[in-house]
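Under our numbering, think of the first position of the sequence shown as 43, with each following residue one higher. Note that CB positions come from ideal geometry on N, CA and C, so glycine has one too. Values in this document were obtained by computation on a predicted structure and should not be read as measured data.
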Amino acid sequence: MLILIMGSMISGILLSNHIFKWIKISGTYITARQIHMFCAYWGLVVMSLHLGFHWNIAVAMAGRLWEYPSVIRTWAARSVATTIAGYGLYAFYRRQIGDYLIMRMHFVFYDYEKGIFPFQLDYLAVMMLIAFIGYYSGVFLKKTGKGKRKGSY
């Protein structure tokens, strides 16, 4: 994750024509843009997985909001999460995020007529899809005994 963040920062500096005007390295613009796209999209995936791996903390905090556990609340929350993840799968396909991850597309195509809110909603849903995958992967690994580390509680 640190490498992806550093890659985004360094490539962003090389791409910037406003903040660091004095940095001019000829012939790096195309490479910097490709590195920036790669780091940004894979950063989204890695950070979302990381969020999903630690989502059990949010689930535990939400469980403490009520005095008694409820099967209905549990299944309602799971249904909402599954619905958001399902929409995230649709947005992943519609926004062609897979093509960006494997560097098949080198430019982000943004439709200015549709506005920023649907764009951000789609990417948030994709983020929640990947977090959903991370969370349930962690649940599966804990149930099979492969997710336990020595010294963890």
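Nearest-angstrom Cβ-Cβ length linking residue i and residue j, presumed shorter than 8 Å
i	j	result
Gly94	Tyr177	4 Å
Asp141	Met147	5 Å
Met43	Val88	5 Å
Closest residue to residue i among the options (Cα-Cα distance)
i	options	result
Ala127	Leu163, Thr186, Met170 and Trp97	Met170
Val181	Phe151, Asn98 and Ser121	Asn98
Arg120	Ile175, Leu163, Gly54 and Leu44	Ile175
Tyr129	Leu166, Ile61 and Ala102	Leu166
Leu56	Thr70, Ala100, Val87 and His96	Thr70
Tyr135	Gly157, Asp164 and Leu107	Asp164
Ile77	Ser90, Ile45 and Leu131	Ile45
Ile75	Ser90, His92 and Val150	According to the sequence as given, residue 75 is Arg; it is not Ile. Per the Cα distances, Val150.
Residue i versus residue j - alpha carbon distance
i	j	result
Met145	Thr73	12 Å
Arg137	Phe159	14 Å
Thr124	Ser112	18 Å
Gly187	Val168	28 Å
Ser194	Asn59	Low per-residue confidence applies at Ser194: pLDDT is 49, beneath 50, and the placement is therefore not dependable, though the value from the model is reported in the following sentence. Cα to Cα, the separation comes out at about 48 Å.
Arg115	Leu183	24 Å
Met103	Val122	17 Å
Leu30	Trp117	The requested residue 30 is not part of the displayed model; the chain covers only 43 to 195.
Lys156	Val101	34 Å
Leu143	Tyr110	43 Å
Ile61	His96	35 Å
Gly105	His92	21 Å
Lys185	Leu131	25 Å
Ser90	Phe161	17 Å
Status (buried if at least 16 other CB within 10 Å, exposed otherwise) for residue i
i	result
Ser53	buried
Ile139	buried
Ile172	buried
Ala133	buried
Worksheet item: When the Cβ atoms of the stretch 43 to 63 are set against those of the stretch 77 to 89, are three or more pairs found closer than 8 Å?
Response: yes
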